[in-house]
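In the working numbering, the protein residues as written are 9 to 460.
Right, one structure below, let's go through it.
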């Protein structure tokens with residue numbers, strides 16, 4: 009606030025204390041205050057608050073002696089605030105007005121915009137003056153003249169939340185527009201927010217005192233822009249449905265679109281002319297259209313469903329003859345040297361290449377017949393082939409382990425390995441020799457040197 013304004017504020021703030029002191033001097037002559045004394049004080053309050061209002065309005069609007077200065081919202085607010093603080097104790101006969109002062113000052117402090125705080129206090133000042141209007145007092149202060157109506161014309165700059173900023177002769181002026189103000193745009197009733205984005209529109213603000221009562225604006229009508237004519241476009245996708253002059257299509261990007269199909273639209277199904285009713289769901293389709301109206305439909309009937317592929321056999325999953333032969337090679341080579349298996353039943357025996365090749369061939373055929381392969385096993389049954397070999401459980405388990413290792417080594421999957429091992433375990437009863445009754449409970453013979 010400028011020095012000039014601070015002095016003006018100080019001078020006005022002294023008005024009410026002087027009034028209170030004068031009233032106190034009158035009371036000193038008589039210990040009991042009279043109604044006449046109170047009325048005299050209220051008359052001074054009434055008169056002084058009028059001067060406070062006018063001074064504050066000049067500060068707020070940068071007019072009068074504050075012309076060509078910045079609008080001083082804070083100065084106006086604090087002037088009103090100080091005047092109310094001084095006036096309050098002089099209103100002893102009006103508890104309702106004292107409470108109104110307290111409520112208004114609290115409300116003003118909670119108002120975030122400084123320019124609106126003065127409005128809050130102005131309302132209670134008017135209420136006080138109305139309540140203490142000294143109509144019955146002998147010396148009546150002059151009636152304040154009615155608020156002068158002013159008109160301001162300029163260009164809309166911007167607006168927000170009940171506030172309109174107008175450019176007047178290149179200078180920005182801020183107008184707080186209450187909800188009671190009438191807003192007219194191009195001769196029709198409107199809302200203030202309709203002007204917020206109309207930058208440059210001519211606007212006239214009509215006010216009484218510092219309260220806006222009417223806003224009139226002229227806004228240039230925006231030319232209507234005709235929508236562009238529909239362009240020819242093509243869409244490829246699959247038919248969802250085709251019926252009663254409508255075609256619904258799902259595009260390759262997953263977007264659904266429905267077209268109107270006029271009677272003169274060209275329709276081709278598998279490169280032959282057809283009807284819309286003959287276009288089947290799930291058909292591949294290319295639609296040429298203008299907007300949502302079809303010009304041409306080119307559809308391909310959906311392919312007939314193919315029979316399901318036969319499930320692969322275990323033989324196929326093991327890799328067929330080529331891979332099973334590798335498994336058998338690894339198994340025979342490993343088990344043949346494994347002392348836990350005793351593969352040839354005679355540690356001194358050295359099988360010929362012919363014997364080994366023949367055994368491998370029969371094993372491949374046996375695996376084929378057991379896993380759904382094309383090769384037939386025509387050798388002896390497992391029981392007959394292993395008769396008299398006296399194969400033990402331990403030897404069978406050792407051979408099974410060597411077979412499992414060979415399967416894993418040659419890429420068999422875990423489920424397929426488990427299936428083969430289950431089939432192998434099914435031959436255990438035919439391969440492992442049964443113990444004779446006298447051997448079942450017979451203790452093992454001790455070797456020389458072993459203790460009980």
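Glycine is no exception: its CB is placed at the ideal position from the N, C-alpha and C atoms.
Using DSSP with H/G/I as helix, E/B as strand and the rest coil, what is residue i?
i: residue 85; result: helix
i: residue 224; result: strand
i: residue 165; result: strand
i: residue 292; result: strand
i: residue 411; result: helix
i: residue 441; result: coil
i: residue 207; result: coil
i: residue 146; result: Its pLDDT being 46, under 50, residue 146 is placed unreliably in this model, and the value from its coordinates should be taken loosely. It is coil, neither helix nor strand.
i: residue 283; result: coil
i: residue 36; result: With a pLDDT of 44 at residue 36, under the threshold of 50, the modelled position of this residue cannot be trusted; read the value that follows with caution. It is helical.
i: residue 386; result: coil
i: residue 106; result: helix
i: residue 429; result: helix
i: residue 373; result: helix
i: residue 251; result: strand
i: residue 243; result: strand
i: residue 190; result: strand
i: residue 397; result: coil
i: residue 6; result: Since the first residue shown for the chain is 9 and the last is 460, residue 6 is missing from the structure and cannot be characterised.
i: residue 422; result: helix
i: residue 124; result: helix
i: residue 269; result: coil
i: residue 63; result: helix
Does the Cβ of residue i have 16 or more other Cβ atoms within 10 Å, making it buried, or fewer, making it exposed?
i: residue 259; result: exposed
i: residue 48; result: buried
i: residue 96; result: buried
i: residue 125; result: buried
i: residue 389; result: exposed
i: residue 121; result: exposed
i: residue 73; result: exposed
i: residue 15; result: With a pLDDT of 44 at residue 15, under the threshold of 50, the modelled position of that residue is not reliable, and no figure is offered here.
i: residue 113; result: buried
i: residue 442; result: exposed
i: residue 249; result: exposed
i: residue 144; result: Its pLDDT being 45, under 50, residue 144 is placed unreliably in this model, and the value from its coordinates should be taken loosely. Its Cβ having fewer than 16 others within 10 Å, residue 144 is exposed.
i: residue 434; result: exposed
i: residue 108; result: buried
i: residue 167; result: buried
i: residue 362; result: exposed
i: residue 63; result: buried
i: residue 157; result: exposed
i: residue 285; result: exposed
i: residue 215; result: buried
i: residue 291; result: buried
i: residue 162; result: buried
i: residue 138; result: exposed
i: residue 76; result: exposed
i: residue 420; result: buried
i: residue 83; result: buried
i: residue 422; result: exposed
Would you kindly check if the distance between the Cβ of residue j and the Cβ of residue i is under 8 Å?
i: residue 181; j: residue 160; result: yes
i: residue 383; j: residue 306; result: no
i: residue 65; j: residue 218; result: yes
i: residue 246; j: residue 293; result: yes
i: residue 67; j: residue 87; result: yes
i: residue 266; j: residue 254; result: yes
i: residue 6; j: residue 378; result: In the structure displayed, the chain extends from 9 to 460; residue 6 sits before or after that span and is not available.
i: residue 387; j: residue 321; result: no
i: residue 333; j: residue 372; result: yes
i: residue 241; j: residue 297; result: yes
i: residue 301; j: residue 270; result: yes
i: residue 299; j: residue 236; result: no
i: residue 399; j: residue 364; result: no
i: residue 211; j: residue 257; result: no
i: residue 319; j: residue 410; result: no
i: residue 418; j: residue 331; result: yes
i: residue 57; j: residue 136; result: yes
i: residue 208; j: residue 164; result: yes
Under the assumption that residue i contacts residue j (Cβ atoms under 8 Å), give the Cβ distance between them as a whole number of angstroms.
i: residue 350; j: residue 403; result: 6 Å
i: residue 141; j: residue 54; result: 6 Å
i: residue 206; j: residue 227; result: 5 Å
i: residue 368; j: residue 337; result: 7 Å
i: residue 287; j: residue 303; result: About 15 Å separates the two Cβ atoms, so there is no contact after all.
i: residue 81; j: residue 116; result: Contact doesn't hold; Cβ gap of about 12 Å is too wide.
i: residue 119; j: residue 132; result: Rounded, the Cβ-Cβ distance is 13 Å, inconsistent with contact.
i: residue 169; j: residue 190; result: That pair is no contact at about 19 Å.
i: residue 101; j: residue 51; result: Contact doesn't hold; Cβ gap of about 13 Å is too wide.
i: residue 326; j: residue 405; result: Not really, about 22 Å apart at Cβ, beyond 8 Å.
### Task
Could you name each continuous alpha helix (DSSP H) segment of 4 residues or more that falls completely within the stretch 334-364, going from the start of the chain to the end?
none
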